[in-house]
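> Per UniProt numbering, the sequence shown starts with residue 1, numbered consecutively. Quick one: the structure is below, and I'll ask about it shortly.
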Amino acid sequence: MGRHRSSGRRPQRYKDVTHGRTGRGDAFRCVGCRLDVPLTAPGTAHRNHCPHCLTSLHLDRRVPGDRAAECRGRMTALSMSVRADGEWQLIHQCRSCGELGANRIAGDDNPLALLRLALRPLTDSTRPIRALLTL
Numbered sequence: 001m002g003r004h005r006s007s008g009r010r011p012q013r014y015k016d017v018t019h020g021r022t023g024r025g026d027a028f029r030c031v032g033c034r035l036d037v038p039l040t041a042p043g044t045a046h047r048n049h050c051p052h053c054l055t056s057l058h059l060d061r062r063v064p065g066d067r068a069a070e071c072r073g074r075m076t077a078l079s080m081s082v083r084a085d086g087e088w089q090l091i092h093q094c095r096s097c098g099e100l101g102a103n104r105i106a107g108d109d110n111p112l113a114l115l116r117l118a119l120r121p122l123t124d125s126t127r128p129i130r131a132l133l134t135l
């Protein structure tokens, strides 16, 4: 009997997690929560973050969808911003190079994750809530 039979487990089969140019062309695997995420998203032409955990990859340099960044680091959602036209954006920071980037939210983003991110400044014990509420 083989090594795997004695442990009662089957050998693990190869899994393609890139889902980009070399894998499935319609999805990618999130580096944060490992969810398979479709590339199409309501409200945006270029999906650039996971709708579940809001994690992204450092792919774009200057123009959304250009995929010209060389870093390819993991980007964590830090906060949110609202543009002058009322559109909400996620502010991401790359864990590898430290660069900041703004990504528009998509229609299928997890509302609870967005709300947690928006309320994060109110939970910061180093800042008085009264001062934040007067802004």
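The beta carbon of each residue, even a glycine, is placed where N, CA and C say it ideally should be.
What residues in its chain sit with their C-beta under 8 angstroms from that of Tyr14, if we drop five residues either side in the sequence?
A caution first: Tyr14 carries a pLDDT of 48, below 50, which makes its placement in the model unreliable, though a value can still be read off. Hits under 8 angstroms: none found.
> Considering Pro42, what are the terminal residues of the alpha helix (DSSP H) in which it resides?
Note, Pro42: premise wrong, no alpha helix (DSSP H); not H, not E.
> Measure the CB-CB distance between Leu112 and His92 and report whether it falls below 8 angstroms.
No, these two residues do not count as a Cβ contact at 8 angstroms.
> Within 10 Å of its beta-carbon, does Ala118 have 16 or more other beta-carbons around it, so buried, or fewer, so exposed?
Looking at its Cβ environment, which holds fewer than 16 other Cβ atoms inside 10 Å, Ala118 is exposed.
> Just reading off the beta strand (DSSP E) that Arg74 is part of, what are its end residues?
Unbroken beta strand (DSSP E) run through Arg74: Arg74 to Val82.
> In or out: Leu54 buried (at least 16 other Cβ within 10 Å) or exposed?
Classification of Leu54: buried, given that the 10 Å Cβ count is 16 or more.
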